[in-house]
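Novice: Pasting in a structure now, in structure tokens, and then I'll have a few things to ask.
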Amino acid sequence: MSSAPYIVGNWKMNGTRALLAEARAINRAAARYPGVQVALAPPFTLVQSLADEAQAIGVGGQDCHVQPKGAHTGDISAPMLADCGASFVIVGHSERRKDHGEDDALVKAKAEAAIEAGLGVIVCVGETLEERDAGQAEAVVSQQVDNSLPALEAIADLPAGKVSVAYEPVWAIGTGRVAEVADVVAMHKAIRTRIEAAYGEKAAGVRILYGGSVNAENAAALLAAEGVGGALVGGASLAAESFAAIIAAAGTEPVD
Ligand code: 13P
């Protein structure tokens, strides 16, 4: 399954139970595209409801704590996510790195905690506009990959497809300013090189997703680009109409 395009919606801090109707519609759309692996990461409050009723999509969390349990008020652990039906978790999103001061070492520990709990993991990386303008984008992202990915020993026994990297340039998130396809291809190539250095032949099972203002209009070009294994979608994943169009843009045949 790991070579299937992986289309993941990150709902961020959006969605009350009323939005489950959109998730149901997304589930129906995903069922028509068995060649695409579709997932949603709703807020924690909706994980269980969604996991209970959406059979054609994976359901995941947007963060987890490094510890399985304990005195950490307000936090959610990876085993808790697994317990309510999540199959994966996003770690190291730039909004968490910024809002909560998360560094690469913490992101790596979270990724390893997720794997320990049996979850798949999407590790996010991406440069800021200042870093890109300074010509530092590739160096910054390479360093994030080197230091945020779970250790080889942690993933050695995992099947392909359980670990993904999401390249999300910070300046492209929620701005409507999507990265140029050529820049995405170049960065995905650089990331692939770092993953291969870390994982050797296991690297083949790691997909690299692009994220940042992906929408129904630009998805086909991004998803067809070399080295792009899927998309991590924010705003456009909140409505079934736009998210279904992105799933359809992954280029596999629908079934009726
Ligand atoms: P937008 O698609 O809203 O730009 O968000 C991207 C993102 O951060 C997904 O994790």
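Start counting the sequence shown at 0; every next residue gets the next number (numbering that gives the first Met the number 0).
Heads up, the beta-carbon is just placed ideally off N, CA and C, and yes, glycines get one too.
1) Run through DSSP, which three-state label would residue 36 get?
2) At the level of alpha carbons, what is the spacing between residue 182 and residue 254?
3) Measuring alpha carbon to alpha carbon, tell me which of 110, 172, 179 and 34 ends up nearest residue 152.
4) May I ask you to report which of helix, strand or coil DSSP gives residue 0?
5) In its own chain, which residues sit with a C-beta less than 7 Å from the C-beta of residue 33, not counting the 5 before and 5 after it?
6) Exposed or buried, what is residue 26 when buried is set at 16 or more other beta-carbons lying within 10 Å of its beta-carbon?
7) Between the beta-carbon of residue 236 and the beta-carbon of residue 39, is there less than 8 Å?
8) Indicate, with yes or no, if the ligand 13P has a heavy atom lying under 7 Å from the CB of residue 211.
9) Three-state secondary structure (DSSP) at residue 207?
10) Consider the C-beta atom of residue 26 and the heavy atoms of the ligand 13P; say whether any pair is separated by less than 7 Å.
11) Does the beta carbon of residue 153 fall short of 7 Å from some heavy atom of the ligand 13P?
12) Kindly indicate which three-state DSSP category residue 231 falls into: helix, strand or coil?
13) Assign residue 159 to one of three DSSP states: helix, strand, or coil.
14) Would you mind giving the Cβ-Cβ distance between residue 215 and residue 245, rounded to the nearest angstrom? I have them listed as a contact below 8 Å.
15) Compute the Euclidean distance between the alpha carbons of residue 78 and residue 88, then round it to the nearest angstrom.
16) Which one or two residues does DSSP pair with residue 9 in a beta bridge?
17) I'd like to confirm the pairing. Which residues does DSSP put opposite residue 87 in its beta bridges?
18) Quick check: what's the CA-CA separation for residue 10 versus residue 66?
19) Going by beta-carbon coordinates alone, are residue 64 and residue 75 separated by less than 8 Å?
20) With respect to 7 Å, is the separation between the Cβ of residue 92 and the closest non-hydrogen atom of the ligand NAP below this value?
21) Applying the criterion that 16 or more other CB atoms from any shown protein chain within 10 Å of the CB defines a buried residue, is residue 112 buried or exposed?
22) May I have the straight-line CA-CA distance separating residue 23 from residue 86, to the nearest angstrom?
23) Comparing the C-beta of residue 76 with each C-beta of chain D, is any distance below 8 Å?
Specialist: Concretely, from the data shown:
1) strand
2) Their Cα atoms are separated by approximately 34 Å.
3) With distances taken between Cα atoms, residue 152 lies closest to 110.
4) A caution first: residue 0 carries a pLDDT of 40, below 50, which makes its placement in the model unreliable, though a value can still be read off. Three-state DSSP puts residue 0 in coil, outside helix and strand.
5) 254
6) buried
7) Yes. Within cutoff.
8) yes
9) Note: residue 207 maps to strand in three-state DSSP.
10) No, the Cβ of residue 26 stays beyond 7 Å of every heavy atom of the ligand 13P.
11) no
12) strand
13) coil
14) With a Cβ gap of about 6 Å, residue 215 and residue 245 count as contacting.
15) Between the alpha carbons of residue 78 and residue 88 lies a distance of about 11 Å.
16) 40
17) For residue 87, which the question treats as bridged, DSSP gives the partners 59 and 119.
18) 24 Å
19) yes
20) Of the ligands this structure carries, namely the ligand 13P, none is the ligand NAP.
21) The residue is buried, with at least 16 neighbouring Cβ atoms inside 10 Å.
22) 18 Å
23) Looking for chain D here will not work: only one protein chain is present.
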